[in-house]
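The listed protein sequences correspond, in order, to chains H and E.
Residues in the first sequence are numbered from 113 upward in steps of one, following the numbering used here.
Residues in the second sequence are numbered from 113 upward in steps of one, following the numbering used here.
Don't be surprised by glycine CBs; every beta carbon is placed ideally from N, CA and C.
Since this is a predicted model, take the numbers as computed values, not measurements.
Number of protein chains: 2
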Amino acid sequence: MLETATEFSIKDEDQLTMELIEAQYTLKDSRDRKNGKSLVILVSGIELAGKGEAVKQLREWVDARYLTVKADAPYLFRTQQAFWQPYARYIPAEGQILLIFGNWYSDLLLSATHVSQPMDEGMFDHYVQSMRAYEQDLKNNHCDVIKVWFDLSWKSLQKRLDAMDPSQQQWQKLHGLDWRNKKHYDSLQKLRQRFTDDWYVVDCEDETVRNQQFAQHVLHALKQLPRHKSTVRSKWQQAERPEQLIQPATEVFDKKEYKAELKKLTKKVAKALTTDNRNIVISFEGMDAAGKGGAIKRIVKHLDPRQYQIHTIAAPEKYELRRPYLWRFWNKLDNHGGISIFDRTWYGRVLVERIEGYANPVEWQRAYDEINRFEKNLSDNQTLLIKFWLAISPEEQALRFKSRQETPHKRFKITEEDWRNRKRWDDYLDAAADMLQRTDSSYAPWHVIATDDKYTARIEILRAILKQLKAA
Amino acid sequence: MLETATEFSIKDEDQLTMELIEAQYTLKDSRDRKNGKSLVILVSGIELAGKGEAVKQLREWVDARYLTVKADAPYLFRTQQAFWQPYARYIPAEGQILLIFGNWYSDLLLSATHVSQPMDEGMFDHYVQSMRAYEQDLKNNHCDVIKVWFDLSWKSLQKRLDAMDPSQQQWQKLHGLDWRNKKHYDSLQKLRQRFTDDWYVVDCEDETVRNQQFAQHVLHALKQLPRHKSTVRSKWQQAERPEQLIQPATEVFDKKEYKAELKKLTKKVAKALTTDNRNIVISFEGMDAAGKGGAIKRIVKHLDPRQYQIHTIAAPEKYELRRPYLWRFWNKLDNHGGISIFDRTWYGRVLVERIEGYANPVEWQRAYDEINRFEKNLSDNQTLLIKFWLAISPEEQALRFKSRQETPHKRFKITEEDWRNRKRWDDYLDAAADMLQRTDSSYAPWHVIATDDKYTARIEILRAILKQLKAA
Chain H
113 MLETATEFSI KDEDQLTMEL IEAQYTLKDS RDRKNGKSLV ILVSGIELAG
163 KGEAVKQLRE WVDARYLTVK ADAPYLFRTQ QAFWQPYARY IPAEGQILLI
213 FGNWYSDLLL SATHVSQPMD EGMFDHYVQS MRAYEQDLKN NHCDVIKVWF
263 DLSWKSLQKR LDAMDPSQQQ WQKLHGLDWR NKKHYDSLQK LRQRFTDDWY
313 VVDCEDETVR NQQFAQHVLH ALKQLPRHKS TVRSKWQQAE RPEQLIQPAT
363 EVFDKKEYKA ELKKLTKKVA KALTTDNRNI VISFEGMDAA GKGGAIKRIV
413 KHLDPRQYQI HTIAAPEKYE LRRPYLWRFW NKLDNHGGIS IFDRTWYGRV
463 LVERIEGYAN PVEWQRAYDE INRFEKNLSD NQTLLIKFWL AISPEEQALR
513 FKSRQETPHK RFKITEEDWR NRKRWDDYLD AAADMLQRTD SSYAPWHVIA
563 TDDKYTARIE ILRAILKQLK AA
Chain E
113 MLETATEFSI KDEDQLTMEL IEAQYTLKDS RDRKNGKSLV ILVSGIELAG
163 KGEAVKQLRE WVDARYLTVK ADAPYLFRTQ QAFWQPYARY IPAEGQILLI
213 FGNWYSDLLL SATHVSQPMD EGMFDHYVQS MRAYEQDLKN NHCDVIKVWF
263 DLSWKSLQKR LDAMDPSQQQ WQKLHGLDWR NKKHYDSLQK LRQRFTDDWY
313 VVDCEDETVR NQQFAQHVLH ALKQLPRHKS TVRSKWQQAE RPEQLIQPAT
363 EVFDKKEYKA ELKKLTKKVA KALTTDNRNI VISFEGMDAA GKGGAIKRIV
413 KHLDPRQYQI HTIAAPEKYE LRRPYLWRFW NKLDNHGGIS IFDRTWYGRV
463 LVERIEGYAN PVEWQRAYDE INRFEKNLSD NQTLLIKFWL AISPEEQALR
513 FKSRQETPHK RFKITEEDWR NRKRWDDYLD AAADMLQRTD SSYAPWHVIA
563 TDDKYTARIE ILRAILKQLK AA
C-alpha cells in the first residue's frame with residue numbers, strides 16, 4: 113500500500129480535481145460492464161487529525177453528487193450481530209462510491225477499549241482477520257475497499273487540544289476517549305497497529321499534505337478498474353454423488369402413526385423455536401416438487417405468523433445484481449431476530465447460477481468459501497443455521513409434476529422452468545454433491561432428507577430441527 | 113365496504129384456494145402494466161380474536177411465497193417521526209402483497225392509551241384523517257390498502273381468557289392492556305370505532321366464519337385491478353409566470369463585500385444548523401447551471417461531513433418506479449435526523465416528469481396535494497423544510513454553459529440533457545409557476561432566488577436559511 117507514499121508530491125489543484133472527476137466518471141460508467149466496480153472508503157484515525165476536513169476537501173474536488181458519505185455513531189459489538197450487519201445495507205452498487213466514517217474498525221476499537229467488557233488480543237486479532245476476509249469477499253464481488261488512517265503525533269494532538277475552546281473538548285466527537293492521557297493515546301496507537309498494515313496512513317501534521325495525500329489515495333483507487341476473471345486454470349474436483357442423492361430412501365410411514373407423530377412434533381418444534389433466544393435460520397434447497405412448501409407449512413403449524421418470516425428467493429433484481437451476490441441475504445438478515453425461513457437460499461450461487469451459467473466458474477468456485485465465512489459469522493453471533501436438502505427420485509418427481517398439473521389449485525406450482533430443470537437432473541446432482549461436500553460445517557450442517565415418502569420426510573425434518581436446537 | 117358481508121357464505125376450501133391463487137397471480141402479472149397494483153393489508157383487532165390464526169390460514173390457502181407478513185412491536189408516536197415513517201420502507205412493489213400486523217392504527221391506539229401522555233379526541237381524529245389521506249395517496253399510486261378489524265365480544269373474550277393457561281396471560285401479546293377490565297375493553301372499542309368506518313370488521317366468534325370472511329375480503333381486494341386514469345376532464349388552470357421567474361433580478365454584489373459577508377454568514381449558518389434540534393431538510397430546484405452545487409458548497413462550508421447528507425436526485429430506478437413516486441424520498445428521510453440537503457427533489461414529479469410526460473396529467477395534477485401532505489406530515493413532526501427555486505435568465509445560462517464547456521474540470525457538468533432542457537425553457541417556467549402557486553405553504557415556503565449574479569444568490573440563500581431557522 114505504501115508505494116504511492118514514496119512517490120507523493122503536491123499536485124496542482126485544478127489538475128487533481130480534473131483527474132478525480134475523470135476517474136469518478138470512469139467508475140460510474142463501469143456499471144453493468146465487465147470491469148464494473150464500486151468503491152468503499154473506510155476512514156478512521158486520531159481525534160483532531162482532520163478526517164472531517166480532508167473529506168470535506170475531497171468532496172469539493174470531486175463531483176460530490178456521486179460520493180455518498182455515511183457517518184453513524186459507532187456500534188458496540190453485540191452478541192447477536194456480525195460486525196458487518198449494521199453496514200451491509202449500504203454497500204454501494206457498481207459505479208457508486210461510499211465513504212464510511214464510523215466503520216467496523218471504529219466499532220472494534222470502541223468495543224476493545226470498552227471498560228465493562230475488555231477484549232483480549234486473541235479475540236481482537238480474530239476480528240481483524242474476519243474483517244479482512246469480509247473485505248476480500250467484497251473486492252472479489254466488484255466492491256473495492258480502501259482504508260485510510262489519519263494519524264497525528266502525541267505532541268501535535270496536545271497542541272491542537274490546547275488551541276481548542278475548552279467548552280468544546282467535552283464534545284461527543286472526542287469519542288469517549290481521554291486524549292489528554294498519554295497512556296490512552298499509546299494504547300490506542302498500539303491497538304490500531306494490529307490492523308493498519310494494509311491501510312493508507314496519512315500524516316496529518318500539515319493540512320495541505322493531509323488533504324492531498326488522502327485525495328491522491330482515493331484517486332489511485334478509483335483508477336484501478338479490475339479485470340474480473342471468468343476462467344479458472346485448474347480442473348474442478350467434482351465430488352462424487354452420494355447414494356442418498358441418487359437413490360433417496362423410500363421407506364413409507366404409516367398414515368395413522370404419521371398423524372399422531374406429526375401432531376406431537378409440530379407442537380414440540382413450535383415450543384423449542386419460540387423459547388430459543390438465538391436467531392434461527394431454517395433454509396431449504398432441493399429438487400423441484402421435493403416438498404419444501406409442505407415442510408415449511410408443518411414447521412410453522414403452531415407458530416404465530418408474527419413470530420417468523422418466510423423469504424422466498426427468486427431471481428435477483430437488477431439493483432441486486434449490481435452488488436455482491438450475498439448482499440440481498442445480508443439485508444434479509446440485517447436486524448431480523450426471531451425465526452427466518454428460506455425457501456431457496458444463497459446456495460443458488462452454486463446451484464442454479466452455476467448450472468445456468470449466471471455465475472462464471474471463478475465466481476461459483478469461490479462462493480463455497482464465501483458462504484462458509486458468511487455462515488460462520490452468523491453462527492459466531494448467536495444465529496443457529498439449520499439447512500435442508502430435499503432429495504427426490506426422478507420417478508417420484510414426475511408423478512408429482514403430473515399430479516400438480518391435474519389438480520386445479522396446484523397447477524400454479526408447475527412452470528416451464530420446472531421441466532427445464534428436470535432435464536438437467538444430473539447437473540443438479542453434481543452441484544448438490546459439491547455443495548454438500550464443501551459447505552457441511554460443524555456450525556451449519558446439512559440435513560439431506562429423502563422425500564419420496566412425504567410423511568417420512570416431514571417427520572424427519574421436524575426431528576432434525578428439534579435435534580439441532582437441543583444440541584447447540 | 114360492508115357490501116360483501118351481506119353476501120357472505122362459506123365457500124368450498126378447494127374453490128376458495130383456487131380463486132385466491134388465481135387472483136394472486138393476476139396481481140403478480142399486473143406488474144409494469146397499465147393496471148398494475150400492489151396490496152397492503154392492515155390487520156388489527158381485539159386480543160384473542162384470532163388474527164394470527166386467520167392469517168396463518170390465509171397463508172395456507174394462498175401461494176405463501178408471494179405474501180409477505182410484517183409484524184413489528186408497536187411504535188409509540190415520537191415527535192420526530194411521522195406515523196408512516198417506520199413502515200415506508202416496506203411499502204410493496206407492484207405485484208406484491210404485504211400484510212402488516214402492527215400498523216399505524218395499532219400505534220395510534222397504543223399512543224392514545226399510553227398513560228403518561230394521553231391523547232385528546234381532536235388529536236386522535238386528526239391522526240385518523242392524516243392516515244386516511246396517506247392511504248388514499250397510496251391507492252392513487254397503485255398501492256391498494258385494505259383494513260381488517262378482528263372483533264370479539266366482551267363475553268367471548270372473557271371465556272377465551274378463562275380457557276388460557278394463566279401463566280400465558282402475562283405474555284407480551286396481551287399488549288399491555290388489561291383485557292379483564294370491562295372499562296378498558298369498552299374504551300378501546302369506543303376508540304377504534306372512531307376509525308373503523310372504512311374497515312372490514314370480521315366477527316370472530318366462530319373460527320371458520322372468521323377465516324373465511326377474512327380470506328374472502330382479501331380475495332375481493334385482490335380481484336379489483338384498477339384502471340389508472342391518465343386523462344383529466346377539466347382544463348388545467350395554468351398559473352401566470354411571476355416576473356421573478358421571467359426576468360430574475362441582476363443586482364451585482366461587490367466582490368470584496370461578498371467575501372466578508374460570505375465568511376460571516378457561512379459560520380452563522382453552520383452554527384444555527386448544528387444547534388437546532390429539529391430535522392432540517394434544505395432542498396434545491398431550479399434551471400440547469402443556476403448554481404445549486406455552488407450554493408450547497410457554501411452551506412456545508414463549516415459543517416463536519418458527518419453532520420449532513422447530500423441527496424442527489426436522478427431518474428428513478430426500475431424498482432423505485434414500481435412504488436409510489438414519493439417512496440424513494442420517504443426512504444431517504446425514514447430515520448435521518450440531522451441535516452439533509454437535496455440537489456433536486458420530489459418536485460421532479462411536477463417539473464421534469466410533467467414536462468417529459470413521465471407522469472400523465474392525472475398524476476402530476478394530483479401530485480401538488482400529495483406533496484403538500486407529505487411536507488405537512490414532516491413539518492408536524494419537527495422537520496423544518498427550506499425550499500429554494502434558483503431562477504436564471506436564459507442569457508446568463510447560455511454564458512455558463514459555454515464557460516463550462518471551455519473549462520476542463522467543469523466540462524462534466526454539461527450534458528446533452530442540459531441543451532434539451534434549455535429548449536423547453538417556457539415549459540419549465542410554466543411548471544415552476546404552477547409549483548410555486550400550489551405548494552408555497554406556511555410550513556414549507558418557497559424561496560425564489562435570482563442567480564444571474566452568483567454572489568447575490570449565495571448571500572441570499574444563506575440569509576434565507578438563517579431567517580427560516582430563527583422564525584420557526
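Problem set entry | Phe262/E vs Ala333/E beta-carbon contact at 8 Å | Walking along the second sequence from the start, residue 262/E turns up at place 150. Walking along the second sequence from the start, residue 333/E turns up at place 221. No, these two residues do not count as a Cβ contact at 8 Å.
Exercise. Three-state secondary structure (DSSP) at Trp537/H?
Worked result: Taking the first residue of the first sequence as 1, we reach residue 537/H at position 425. Helix at Trp537/H.
Exercise. Can Ile453/H and His423/H be called in contact, C-beta distance under 8 Å?
Worked result: Position 341 of the first sequence, counting from 1, holds the residue named residue 453/H. Position 311 of the first sequence, counting from 1, holds the residue named residue 423/H. Yes, they are a contact pair.
Exercise. Within the 8 Å Cβ cut-off, does Asp530/E reach chain H?
Worked result: Position 418 of the second sequence, counting from 1, holds the residue named residue 530/E. At a cut-off of 8 Å between beta carbons, Asp530/E makes no contact with chain H.
Exercise. Could you give the distance in angstroms between the alpha-carbon of Ile451/H and the alpha-carbon of Glu518/E?
Worked result: Within the first sequence, residue 451/H is the residue found at index 339, counting from 1. Within the second sequence, residue 518/E is the residue found at index 406, counting from 1. Approximately 60 Å between the Cα atoms of the pair.
Exercise. DSSP on Tyr555/H, reduced to helix/strand/coil?
Worked result: Counted from its first residue, the first sequence places residue 555/H at position 443. Tyr555/H: coil per DSSP, three-state reduction.
Problem set entry | Rounded straight-line distance, which links the Cα of Ser505/H to that of Leu574/H | Here residue 574/H refers to the residue found at position 462 when the first sequence is read from its first residue. Here residue 505/H refers to the residue found at position 393 when the first sequence is read from its first residue. Using only the alpha carbons, I get a separation of about 21 Å.
Problem set entry | Presumed contact (8 Å Cβ cut-off) between Asn215/H and Tyr239/H, rounded CB distance | Working through the first sequence from its first residue, we reach residue 215/H at position 103. Working through the first sequence from its first residue, we reach residue 239/H at position 127. Incorrect: roughly 13 Å between the Cβ atoms, too far for contact.
Exercise. Alpha carbon to alpha carbon, what distance is there between Gln359/H and Ala503/H?
Worked result: Taking the first residue of the first sequence as position 1, residue 503/H is located at position 391. Taking the first residue of the first sequence as position 1, residue 359/H is located at position 247. Rounded to the nearest whole angstrom, the CA to CA distance from Ala503/H to Gln359/H is 9 Å.
For this session: Examine chain E for any beta-carbon lying closer than 8 Å to the beta-carbon of Ile453/H, and answer yes or no.
Result: As a position in the first sequence, residue 453/H is number 341, starting the count at 1. Taking Cβ atoms only, chain E never reaches closer than 8 Å to Ile453/H, which makes this a no.
For this session: Give every residue of the same chain whose Cβ lies closer than 8 Å to the Cβ of Glu319/H, excluding the five residues on either side of it in the sequence, and list them in chain order.
Result: Here residue 319/H is taken as the residue at index 207 of the first sequence, counted from 1. Closer than 8 Å at Cβ, skipping near neighbours: Gly162, Glu165.
For this session: Could you tell me how far apart the beta carbons of Val314/E and Arg306/E are, in whole angstroms, since I believe they sit closer than 8 Å?
Result: In the second sequence, the residue the question calls residue 314/E occupies position 202. In the second sequence, the residue the question calls residue 306/E occupies position 194. Contact doesn't hold; Cβ gap of about 19 Å is too wide.
Exercise. Relative to the alpha-carbon of Leu357/E, which residue among Leu264/E, Arg143/E, Phe500/E has its alpha-carbon at the smallest distance?
Worked result: Reading the second sequence from its first residue, position 245 is the one you call residue 357/E. Ranked by Cα distance from Leu357/E, the options Leu264/E, Arg143/E, Phe500/E are led by Phe500/E.
Exercise. Rounded to the nearest angstrom, how far is the Cβ of Asp597/H from that of Pro436/H, given a contact under 8 Å?
Worked result: With chain H covering 113 to 584 only, the question about residue 597/H has no answer from this structure.
For this session: Kindly list, in the order they appear in chain H, the residues whose Cβ is closer than 7 Å to that of Phe524/E.
Result: Numbered from 1 along the second sequence, position 412 holds the residue referred to as residue 524/E. Ile133, Tyr137, Asp175, listed in chain order.
Exercise. For Thr362/E, does the three-state DSSP call read helix, strand or coil?
Worked result: To locate residue 362/E, count along the second sequence from 1; it is residue 250. DSSP, reduced to helix, strand and coil, places Thr362/E outside both helices and strands of the structure shown, so it counts as coil.
Exercise. Listing by chain order, which chain E residues have their CB less than 7 Å from the CB of Asp126/H?
Worked result: Translated into the one-based positions of the first sequence, residue 126/H becomes position 14. What Asp126/H touches in chain E: His521.
Exercise. Do we get a CB-CB distance below 8 Å when we pair Trp283/H with the residues of chain E?
Worked result: Counting from one through the first sequence, the residue named residue 283/H turns up at place 171. Only weak support is given to the placement of Trp283/H: the predicted model assigns it a pLDDT of 49, under 50, and the question is left unresolved by the model.
Problem set entry | Distance, Ile498/H Cα to Arg171/H Cα | By one-based count along the first sequence, residue 171/H stands at place 59. By one-based count along the first sequence, residue 498/H stands at place 386. When the Cα atoms are used, Arg171/H and Ile498/H turn out to be separated by approximately 46 Å.
Exercise. In chain order, what residues of the region 427-440 of chain H put their CB closer than 8 Å to some CB of chain E?
Worked result: Those residues of the region 427-440 of chain H placed with their C-beta closer than 8 Å to a C-beta in chain E are Glu429, Lys430, Tyr431, ordered along the chain.
For this session: Rounded to whole angstroms, what's the CA-CA distance from Arg143/H to Leu179/H? Just pull it up for me.
Result: Numbered from 1 along the first sequence, position 31 holds the residue referred to as residue 143/H. Numbered from 1 along the first sequence, position 67 holds the residue referred to as residue 179/H. Per the coordinates, the alpha-carbon of Arg143/H lies some 15 Å from the alpha-carbon of Leu179/H.
Problem set entry | Alpha carbon of Asp530/H to alpha carbon of Gly405/H, nearest angstrom | For the purposes of this step, residue 530/H is taken as the residue at position 418 of the first sequence. For the purposes of this step, residue 405/H is taken as the residue at position 293 of the first sequence. When rounded, the distance between both Cα atoms is 15 Å.
For this session: Check Ser150/E in the structure and name its three-state DSSP category.
Result: On the second sequence, residue 150/E is found 38 positions in, with the first residue counted as 1. Residue state, collapsed to three classes: strand.
For this session: Kindly indicate which residue of Gln349/E, Asn489/E, Val181/E has the alpha-carbon position closest to the one of Pro204/E.
Result: Taking the first residue of the second sequence as position 1, residue 204/E is located at position 92. Minimum Cα distance to Pro204/E is reached at Val181/E.
Exercise. Relative to the C-alpha of Leu490/H, which residue among Lys444/H, Trp476/H, Ala402/H is closest?
Worked result: For the purposes of this step, residue 490/H is taken as the residue at position 378 of the first sequence. It is Lys444/H whose Cα lies nearest to the Cα of Leu490/H.
Exercise. For Asp539/E, which option in Val462/E, Arg478/E, Tyr567/E, Ile526/E has the closest C-alpha, if you only look at C-alpha atoms?
Worked result: Along the second sequence, one-based indexing puts residue 539/E at 427. Ranking Val462/E, Arg478/E, Tyr567/E, Ile526/E by Cα distance to Asp539/E puts Val462/E first.
For this session: Kindly list, in the order they appear in chain E, the residues whose Cβ is closer than 7 Å to that of Lys409/H.
Result: Your numbering for residue 409/H matches position 297 in the first sequence. The contacting residues are Glu172.
Exercise. Taking the DSSP output, what are the residues bridged to Phe486/E?
Worked result: Here residue 486/E refers to the residue found at position 374 when the second sequence is read from its first residue. Paired residue(s): none; Phe486/E is not in a bridge.
Exercise. When you compare only the Cα positions, how much space is there between Val560/H and Asp400/H?
Worked result: Along the first sequence, read from residue 1 onward, the residue named residue 560/H stands at position 448. Along the first sequence, read from residue 1 onward, the residue named residue 400/H stands at position 288. Distance between the alpha carbons of Val560/H and Asp400/H is about 15 Å.
For this session: Please name the residues in the region 503-522 of chain E whose beta-carbon is closer than 8 Å to at least one beta-carbon of chain H, in chain order.
Result: Residues passing the 8 Å Cβ filter: Pro520, His521.
For this session: With DSSP collapsed to three states, give me the class of Gln580/E.
Result: Residue 580/E sits at position 468 when you count from the first residue of the second sequence. Here DSSP, grouped into helix, strand and coil, assigns Gln580/E to helix.
Problem set entry | Beta-carbon separation (whole angstroms), Gly398/H vs Lys566/H, contact threshold 8 Å | To locate residue 398/H, count along the first sequence from 1; it is residue 286. To locate residue 566/H, count along the first sequence from 1; it is residue 454. That pair is no contact at about 13 Å.
Exercise. In three-state DSSP terms, what is Lys182/E?
Worked result: For this step, residue 182/E is matched to residue 70 along the second sequence. Lys182/E falls in the strand class under three-state DSSP.
For this session: May I have the straight-line CA-CA distance separating Glu468/E from Trp476/E, to the nearest angstrom?
Result: If you number the second sequence from 1, residue 468/E lands on position 356. If you number the second sequence from 1, residue 476/E lands on position 364. Cα-Cα distance, rounded: 11 Å.
Problem set entry | Nearest neighbour of Pro338/E, chosen from Ser268/E, His521/E, Leu128/E, Gly207/E [CA to CA] | Within the second sequence, numbered from 1, the residue matching residue 338/E stands at position 226. For the residues Ser268/E, His521/E, Leu128/E, Gly207/E, the minimum Cα distance to Pro338/E belongs to Gly207/E.
For this session: Anything in chain H within Cβ reach of Ile467/E, meaning under 9 Å, just list it in chain order.
Result: Reading the second sequence from its first residue, position 355 is the one you call residue 467/E. Chain-order list of chain H residues neighbouring Ile467/E: empty, with the shortest C-beta distance near 22 Å, by a criterion of under 9 Å.
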